[in-house]
Every structure is written in C-alpha cells, then in structure tokens.
Amino acid sequence: MRDYFHVSRIMLMHIHALDAYRFKASLVHRLDARVKLVLAVGFIVSTALTPDGAWLAYALLAGLMLSVIAAARLGVGFVLRRSLVALPFALAAVTVMFTTDGEALLTVHVFGGDLSITDAGLTRFVSVLLKSWLSVQMAVVLTAATSFPDLLRAMRSLHLPKVLVAVIGFAYRYIFVIADEVARMMRARAARSGTLSLSEDGALSGNRRSGGSVFWRARVTGGMAGSLFLRSIERSERIYDAMVARGYDGEVRVLRHPTLQLGDLLIALLFALVLALIQLLARLI
Amino acid sequence: MTMSMETCIEINDLSYVYHDGRQALQGVSLRVNPGEKVALVGPNGAGKSTLLLHLNGILRGDGAVRVLGQEVAEPHLARIRAQVGLVFQDPDDQLFSPTVFEDVAFGPLYAGLSEEEIRRRVGWALAQVGAEAYVERVSHHLSLGEKKRIAIASVLSMEPEILVLDEPTAGLDPRTRRRLIGLLQTLPQTMLVATHDINMVAEILPRTVILDGGQVVADGATDDLLSDAALMAAHGLEVPHCYTPHAEQHHRQ
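Protein chains in written order, with my numbering: chain G, 15 to 299; chain V, 6 to 258.
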C-alpha cells in the first residue's frame with residue numbers, strides 16, 4: 015500500500031520535484047551565477063586532485079563545504095540527503111581496494127584465486143568515497159542556490175559552446191513536460207489495470223495477481239517507452255516549427271550578460287585562495 | 006499588383022500532400038483583407054493547422070501563397086515570419102526557453118533588434134496580455150491559461166500585422182476562456198483563427214471559412230454560415246446557441 019501511495023502521489027502532483035532550486039535570501043544565492051559556477055567547478059577539481067589519505071585536507075574541505083552550506087542557509091540535512099543519491103556511483107571504486115599494491119589486510123578465496131584488500135587500497139577507496147561525496151555536495155549547493163536560467167546564462171557568458179548550452183536548456187525545459195507525459199501514461203495504465211473476478215465458475219478469482227506475467231508487463235512498459243519516444247520526436251518537430259516561425263535561422267543568439275560586481279570578484283578570490291591553501295597543506299603534510 | 010497590395014493574405018489553388026501520401030489540402034483559395042477577423046472551422050483532420058503552417062512558409066505546398074503582397078518563398082521568408090505571428094495550439098511547443106523573458110524576446114532577438122528595443126518590446130507585449138509580472142518566471146511553472154497568454158505575447162513582441170492562432174481557447178476553463186476572448190478582442194491585427202469554439206466565433210469573428218476534407222466548402226459572413234443548420238450538420242459542426250430558434254424562444258418566454 016505504501017508503494018501504491020507513493021506512486022499515486024507522483025501521478026497526482028505536477029512534476030516540480032525535479033527542480034533543484036530552493037529560494038533563500040542568502041549571500042550564496044545572491045552571488046553572481048558565473049562566480050558560483052567557476053568556484054563550484056574549481057572546488058570539485060581541487061577536491062579530485064587532493065592526494066589519497068590527506069585526511070586533514072579532507073577535513074578542511076569538508077569544513078569549507080559546511081560553511082558554504084551554512085552561508086546558503088540550505089541546512090546540512092537537506093544537502094546531505096540530496097548528496098546521498100549520487101553515492102552508489104562511488105561504489106564503482108570498490109575495485110581499487112583489490113588492485114592497489116600494498117600490505118594485505120584481508121584475503122578472500124574467489125574462483126580458485128586469492129583476492130587481497132590492501133592497506134593502500136583501502137586508503138584509496140575511502141579517499142575516493144569522501145572526495146566524490148564532497149564534490150556532489152558542492153553540486154547540490156550550486157543547483158539549489160542558483161536558478162537554472164541563471165546557470166544557463168552563466169554557462170553562455172563563460173563561453174561554453176552555444177549549442178551545448180542550448181541543448182542543456184531544452185533538456186531542462188522539456189524534462190518537466192515529458193515527466194508529466196509519463197505521469198499521464200502511467201495514470202492511464204493504472205486506470206485500466208483492474209483485476210477481473212469471475213467468481214461463478216471460478217475461472218478467475220479476485221486474488222489473481224493483476225498485470226499478467228513479468229514478460230507481458232515488460233512488453234507493456236517497452237511499448238510505453240516507445241510511444242514516449244515517438245511523442246518526444248513529434249514534439250521536437252513542433253518546437254522547431256515554433257522556433258522557425260519566430261525567425262530561428264540555426265544560429266543560437268543570446269542577450270549580453272551584465273558585468274561582474276567587485277564584491278563577487280572578491281569572494282571568488284578569497285574562495286580560490288582557501289582552495290589553494292588546502293592543496294598546499296595536503297602536499298606538505 | 007495593386008490588388009495584392011490591398012489583400013493581406015492571398016491563397017490561390019493551394020494543395021498539400023503529407024509524406025505518407027495523405028492529401029491534407031486540395032485546391033484551397035482564400036483572400037483576407039487588412040483588419041478582417043476570420044474564423045477557420047471544420048472537423049478534426051480537415052486541414053486547418055496545415056493551412057495555417059503555410060502562411061509563414063513552414064510548410065510549402067503547390068500553389069501560390071502571398072502575404073502582404075510578397076510571395077511566401079525564400080527571399081521574403083524572414084520578413085514574412087516577422088509579419089505573421091503564428092500562435093501554436095500547445096503552448097508547451099511555443100514556450101521553449103528557460104524563462105518567460107527569453108521566450109518573448111526570441112522573435113525580436115532574431116529580428117536583429119537592439120537590446121533596448123528588445124527589452125521595450127518584451128515589456129510592451131507582456132503588458133498587452135496582462136502578464137508583466139511574469140518576466141522572470143519559468144514557463145513550466147505557469148498554468149495553461151497563463152501559458153496561452155504568454156504564447157500570444159511571444160508573437161506580439163514581433164509587432165506582427167497578421168495574427169494566426171490555432172485553437173486559442175482549447176482546454177481553458179470558462180473564466181480563462183472569457184479572459185482570452187477579451188484579449189483577442191483588444192488586438193487590432195488582421196486575424197485568422199482555427200477553432201472548434203463555435204460560440205467564440207459567433208462572438209468575435211465576423212467572417213467564417215469552413216474547411217472540410219482539405220477544401221474550402223463555405224466562406225461568408227459568420228451570421229449566415231453558422232445559423233445554416235443543414236450546412237453545419239453536413240460538415241460535422243453545430244449551430245452555436247445564440248443562433249438556435251429554440252434558445253431564442255427560451256429567452257422570449
């Protein structure tokens with residue numbers, strides 16, 4: 015029942031949950047989107063470059079991260095919850111525990127061979143886990159504290175390829191439309207997925223599981239995916255017509271972005287300095 | 006030549022066949038004079054939307070289409086697209102930008118206008134549809150009625166001489182529909198409106214063209230055509246309430 019409740023809630027609400035932006039009156043929200051984008055990418059790159067096992071540097075990066083979260087008034091719980099979503103991907107790094115040379119801590123017999131977890135491997139694995147978690151937190155704060163249109167404008171004025179930015183913009187605009195379409199299709203399927211009960215001759219009872227075999231259901235789902243794909247193609251053609259009708263000629267054009275404020279630049283400088291110091295520390299200790 | 010200068014839209018013997026071989030339009034001829042408000046009615050699949058897409062050259066069939074004295078073909082297309090404001094049926098197709106501002110600014114931006122002029126036009130167009138407050142809003146957070154109004158603003162910002170609308174009132178609740186009809190009444194442009202909303206036609210569009218099976222089967226004063234029960238029934242349409250004698254009797258009693 016819980017599961018059903020969850021699904022029906024998704025079906026009823028207009029899909030807004032995908033929008034990561036949380037408005038708060040904070041310093042981080044007010045900061046120029048270009049500065050935020052550059053600093054967030056800088057933080058992620060710098061975190062990735064921190065050597066394995068530089069625990070003090072990780073602690074400092076985490077401290078920096080926490081102060082950014084505090085300044086953005088987003089709440090540590092909110093950011094941590096969101097950041098957990100990406101954590102399973104970090105498990106791809108599990109193999110480094112076995113493949114890194116070092117002193118064996120634990121040996122297991124698999125397929126007639128020995129697999130050893132080494133001390134260096136464990137250090138590397140935990141480091142990767144911590145670093146990816148910190149990086150995801152920064153991405154969560156960036157998207158929660160910057161409206162998507164601002165982020166797009168920032169990408170444009172930082173001279174990311176125009177077509178790429180336009181594609182990201184369309185993806186953002188239409189993911190909601192397509193998600194709504196999926197919700198409507200699921201609702202239509204649910205509405206026709208009743209269970210028949212022909213109690214008189216007992217051929218079908220009310221207890222019979224609705225929905226048929228797994229293969230049958232997989233086919234229905236495949237059909238839905240296909241029809242969603244076709245609908246999306248048709249929609250993309252209509253959107254293109256609407257663009258051409260207003261003069262689109264294949265060239266992506268945008269208005270200029272206002273110039274940077276001195277305060278934004280000072281914050282950028284300070285943040286970059288802190289990152290550089292952490293890097294220096296990680297290598298000295 | 007003088008003739009075509011006076012005519013706003015001039016279509017001669019236009020035919021169009023879809024990729025799959027379906028004949029969508031068959032020998033359509035139509036003239037619309039400046040300032041006219043024309044309804045385009047007919048059953049689903051009659052070719053209404055297909056005809057509208059010919060007016061700014063998105064579709065190109067066999068036959069002649071002239072808009073404001075220019076042939077709808079390559080050298081004039083950019084100018085014609087600025088003069089013919091085409092409002093699509095589904096506003097989610099029309100509003101493709103991240104924010105309302107960027108959608109309404111799209112046409113003027115591609116017309117090569119200066120930044121101040123673009124901003125002025127966006128403000129003016131949004132004011133026309135009563136949506137000044139929506140500038141920085143994100144399109145997917147708007148209601149259908151709001152989206153429809155902003156879709157209209159997104160073509161008004163090009164200051165077109167002709168407005169072409171596909172099903173402007175479809176899917177709207179009575180209050181929102183009423184508001185949209187009020188908005189259409191205030192717009193001075195020559196108007197061609199494809200619609201099933203026969204009561205709106207009776208109210209604000211003095212001329213009606215009935216399209217069925219890709220052909221123009223009737224063209225005349227709305228009052229004459231829409232009150233002709235036999236004609237309406239023959240093309241799967243209904244006589245609007247304001248013309249039915251039954252309703253009149255009710256009112257008299």
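Heads up, the beta-carbon is just placed ideally off N, CA and C, and yes, glycines get one too.
Taking buried to mean at least 16 other C-beta atoms within 10 Å of its own C-beta, is residue i buried or exposed?
i: D108 (chain V); result: buried
i: V49 (chain G); result: buried
i: I299 (chain G); result: exposed
i: P173 (chain V); result: buried
i: D171 (chain V); result: buried
i: W147 (chain G); result: buried
i: S241 (chain G); result: exposed
i: Y23 (chain V); result: exposed
i: S141 (chain G); result: buried
i: G135 (chain G); result: buried
i: A39 (chain G); result: exposed
i: F190 (chain G); result: buried
i: L121 (chain G); result: The sequence as given places Thr at residue 121 (chain G); Leu does not occur at that position. Exposed is the call here.
i: L57 (chain V); result: buried
i: A207 (chain V); result: buried
i: V72 (chain V); result: buried
i: P179 (chain V); result: exposed
i: L64 (chain V); result: buried
i: S227 (chain G); result: exposed
i: N49 (chain V); result: exposed
In this structure, how does DSSP classify residue i when only helix, strand and coil are distinguished?
i: K42 (chain V); result: strand
i: D67 (chain V); result: strand
i: E265 (chain G); result: coil
i: T213 (chain V); result: strand
i: V249 (chain V); result: The sequence shown places Thr at residue 249 (chain V), not Val. Coil at T249 (chain V), not helix or strand.
i: E141 (chain V); result: coil
i: I85 (chain V); result: helix
i: E164 (chain V); result: coil
i: V134 (chain V); result: coil
i: T11 (chain G); result: A question about residue 11 (chain G) goes unanswered here, because the residues of chain G that appear run from 15 up to 299.
i: T55 (chain V); result: helix
i: I247 (chain G); result: helix
i: T157 (chain G); result: helix
i: I123 (chain V); result: helix
i: I299 (chain G); result: coil
i: A275 (chain G); result: First, the residue type needs correcting, since residue 275 (chain G) is Gln and not Ala in the sequence shown. Coil at Q275 (chain G), not helix or strand.
i: I29 (chain G); result: Here I29 (chain G) scores only 48 on pLDDT, less than 50, and its place in the model should not be relied on; the value that follows carries that caveat. Coil at I29 (chain G), not helix or strand.
i: R257 (chain V); result: At R257 (chain V), the pLDDT of 47 sits below 50, so the modelled position is not reliable; the number obtained from the coordinates is stated separately. Of the three classes helix, strand and coil, the one that applies to R257 (chain V) here is helix, per DSSP.
Just checking: is the beta-carbon of residue i within a distance shorter than 7 Å of some beta-carbon in chain G?
i: P173 (chain V); result: no
i: A132 (chain V); result: no
i: T104 (chain V); result: yes
i: I63 (chain V); result: yes
i: G26 (chain V); result: no
i: G112 (chain V); result: yes
i: A116 (chain V); result: yes
i: R86 (chain V); result: yes
i: H145 (chain V); result: yes
Return the bridge partner residues of residue i from the DSSP annotation.
i: Q194 (chain V); result: Paired residue(s): none; Q194 (chain V) is not in a bridge.
i: S20 (chain V); result: V:D67
i: A239 (chain V); result: Looking at the DSSP assignment, A239 (chain V) forms no beta bridge with any residue, so it has no partner.
i: S130 (chain G); result: G:T121
i: V169 (chain V); result: V:L91, V:L197
i: D194 (chain G); result: DSSP lists no partner for D194 (chain G).
i: G225 (chain V); result: V:T213
i: V33 (chain V); result: V:L19
i: I58 (chain G); result: Answer by DSSP bridge pairing: none, since I58 (chain G) is not bridged.
i: T104 (chain V); result: V:V143
i: E76 (chain V); result: V:R71
i: I281 (chain G); result: In the DSSP output, where bridge partners are listed per residue, I281 (chain G) has none listed.
i: I253 (chain G); result: Paired residues: none, contrary to the question.
i: L14 (chain V); result: According to the sequence shown, residue 14 (chain V) is Ile rather than Leu. I14 (chain V) pairs with V:V37, V:V72.
i: Q220 (chain V); result: V:D217
Along chain B, which residues have their Cβ under 7 Å away from the Cβ of residue i?
i: A256 (chain G); result: Among the protein chains of the structure shown, namely G and V, there is no chain B.
Is there a Cβ from chain V that is less than 7 Å from the Cβ of residue i?
i: R245 (chain G); result: no
i: V179 (chain G); result: no
i: I253 (chain G); result: yes
i: V191 (chain G); result: yes
i: R201 (chain G); result: no
i: G183 (chain G); result: yes
i: R187 (chain G); result: yes
Mind listing which residues of the stretch 154-170 of chain V have their C-beta closer than 8 Å to chain G's C-betas, in chain order?
S159, V160, M163
Quick one, which residues of the stretch 143-169 of chain G are near chain V if we go by CB-CB under 8 Å, in chain order?
S161, F162, P163, L166
Determine which residues of the stretch 258-276 of chain G have a Cβ less than 9 Å from any Cβ of chain V, and write them out in chain order.
V258, A259, R260, G261, Y262, D263, E265, R267, V268, L269, R270
Would you list, in chain order, the members of the stretch 45-70 of chain V that have their beta-carbon closer than 8 Å to a beta-carbon of chain G?
L58, N61, I63
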